[in-house]
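Taking it in order: structure first as structure tokens, then the write-up.
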Amino acid sequence: MSTPLQSNPPQPATRAFLSGIMAAWTSVFALVLAGSYVGIGALAHEFGFSVGWMVASTLLVWAAPAQVILVSTLGAGAALIEVALAITLSAVRLLPMVMALLPLLRTERTRQRELILPAHFTAISMWVESLRLLPQVPRENRIAWCNGIGAGFMGVACAASAAGYYLAGGLPLPLAAMLLFLTPMSFLVSVVRNSRLVVDRLAFGLGFVVGPLLTWGKVDLALMWTGLIGGSAAYAASRLYSARKRRPP
Amino acid sequence: MSGWIDWHAYLVLILVGFLPNEIWRMLGVVLVRGLDEGSEVLVWVRAVATAVLAGVVAQLIFFPAGALAVMPMGLRVGAALCGFAAFLLVRRSVLAGVAVGEAVLLAGAVLLVP
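One line per chain: the protein sequences are A and B, in this order.
Heads up, the first sequence stops at 249 in the numbering used here, and the numbers go up one at a time, no gaps.
Heads up, the second sequence stops at 114 in the numbering used here, and the numbers go up one at a time, no gaps.
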């Protein structure tokens with residue numbers, strides 16, 4: 001399907017919210033999140049946090065990589081300022097994600113504060129699925145729909161964090177490895193599926209190569225540089241390519 | 001845990017977990033204000049976001065933590081390649097890719113890791 005899908009007529013906001021929740025629960029990411037958060041819940045138990053704290057961290061932080069850092073560094077007794085720095089560096093990626101998503105949700109009448117909740121719900125799973133499914137959602141319904149898919153995913157993650165907390169210690173090694181492999185495997189295929197434009201495919205390929213090279217070379221802020229170098233190079237290359245195509249030979 | 005320690009743990013969660021993370025989301029809300037949906041800046045911003053995601057994925061495969069780090073590098077890369085091939089073969093299905101990748105990792109973990 002290369003042509004944009006026709007938007008359906010607008011629905012009441014509650015209906016849109018519920019269909020967002022259904023989109024979350026029927027998405028393959030519901031499984032992925034469940035698996036990943038069982039792993040993080042188990043980790044929180046090992047490091048001696050309470051189950052209420054673990055669920056609160058899912059509600060407030062809502063970013064699996066940051067939560068892994070938070071639990072393992074706090075649990076190991078790292079200095080608070082060090083923990084805060086590590087978290088904020090891992091969260092820089094949320095800025096371009098929010099900036100790419102919000103313009104799809106706005107109408108002329110949208111108030112700034114209505115965008116705060118969808119921004120809080122923005123995480124890799126929600127972002128990937130929203131960019132894929134939003135073209136089918138009427139523009140007037142998109143904020144409610146995004147709040148629905150975000151709440152749906154977050155509900156799954158909270159239940160899984162609590163379940164993992166009580167399962168902790170009983171996970172055999174191959175199963176624990178499988179839970180940790182869910183995130184990279186699902187993101188690999190779903191981001192590629194979402195990349196319809198040349199610039200996005202190039203950015204993914206470049207990021208995949210540049211990221212490990214920078215990490216291997218122990219460059220500081222490796223992920224931020226990966227984004228800036230890979231993304232800018234992909235953008236420049238696709239601009240050059242389309243400028244060439246437009247100019248008659 | 002006593003009541004005081006619990007209260008303290010939640011305060012730490014907000015100060016070093018929630019705020020340093022959330023600031024980037026809220027900065028995005030502010031910065032995107034005047035930007036039009038079709039603007040060129042956003043094409044670049046999306047390319048940056050996509051490259052960062054690719055970097056995250058590659059790091060989790062090449063430099064993993066915990067139980068995944070126990071698995072040999074060849075097994076992790078092999079499982080990811082098999083999953084990706086399955087995704088391409090089965091009508092670009094994410095579920096097929098994840099299922100095959102996980103199955104290869106499990107088989108390898110059982111056969112190769114003592």
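Note that CB positions come from ideal geometry on N, CA and C, so glycine has one too.
I want to see whether chain B comes within less than 8 Å of residue i, judged by CB atoms only; does it?
i	result
V189(A)	yes
G150(A)	no
L228(A)	yes
I25(A)	Looking at the sequence shown, residue 25(A) is not Ile but Trp. False, the Cβ-Cβ gap to chain B never drops below 8 Å.
H120(A)	yes
D220(A)	no
M178(A)	yes
V137(A)	no
I21(A)	no
G231(A)	yes
S186(A)	yes
Step through the CB atoms of chain A and report whether any lies within less than 8 Å of the CB of residue i.
i	result
W7(B)	no
L57(B)	The sequence shown places Val at residue 57(B), rather than the Leu named in the question. For V57(B), the answer is yes, since a Cβ of chain A falls inside 8 Å of its Cβ.
V98(B)	yes
A85(B)	no
P20(B)	yes
P72(B)	no
L35(B)	yes
V90(B)	no
V32(B)	yes
Run the CB neighbour count on residue i, radius 10 Å, all protein chains shown included, and call it buried at 16 or more, exposed below.
i	result
S57(A)	buried
G55(B)	buried
V198(A)	exposed
A65(B)	exposed
N21(B)	buried
G170(A)	exposed
G38(B)	exposed
H8(B)	exposed
Could you round the C-beta distance between residue i and residue j to whole angstroms and report it? I think they count as a contact, below 8 Å.
i	j	result
W127(A)	M97(A)	5 Å
A67(B)	G101(B)	Incorrect: roughly 16 Å between the Cβ atoms, too far for contact.
A51(B)	L131(A)	No, A51(B) and L131(A) are not in contact; Cβ-Cβ is about 15 Å, not under 8 Å.
R142(A)	L133(A)	About 10 Å separates the two Cβ atoms, so there is no contact after all.
L202(A)	S232(A)	Actually they do not touch by this definition, with Cβ atoms about 11 Å apart.
L33(A)	S125(A)	6 Å
C146(A)	P118(A)	4 Å
L13(B)	W216(A)	Wrong, their Cβ atoms sit about 33 Å apart, outside the cutoff.
V16(B)	V83(A)	5 Å
What are the boundary residues of the alpha helix (DSSP H) that residue i is part of?
i	result
S161(A)	R142 to L167
R132(A)	I124 to L133
S36(A)	V28 to E46
L102(A)	Counting along the chain, L102(A) falls outside any alpha helix (DSSP H), and DSSP gives it neither H nor E.
E37(B)	Taken as a continuous stretch (DSSP letters only), E37(B) belongs to no alpha helix (DSSP H), as it is neither H nor E.
E22(B)	L19 to L31
Three-state secondary structure (DSSP) at residue i?
i	result
Q11(A)	coil
P184(A)	helix
A119(A)	helix
D200(A)	helix
V113(B)	coil
T88(A)	helix
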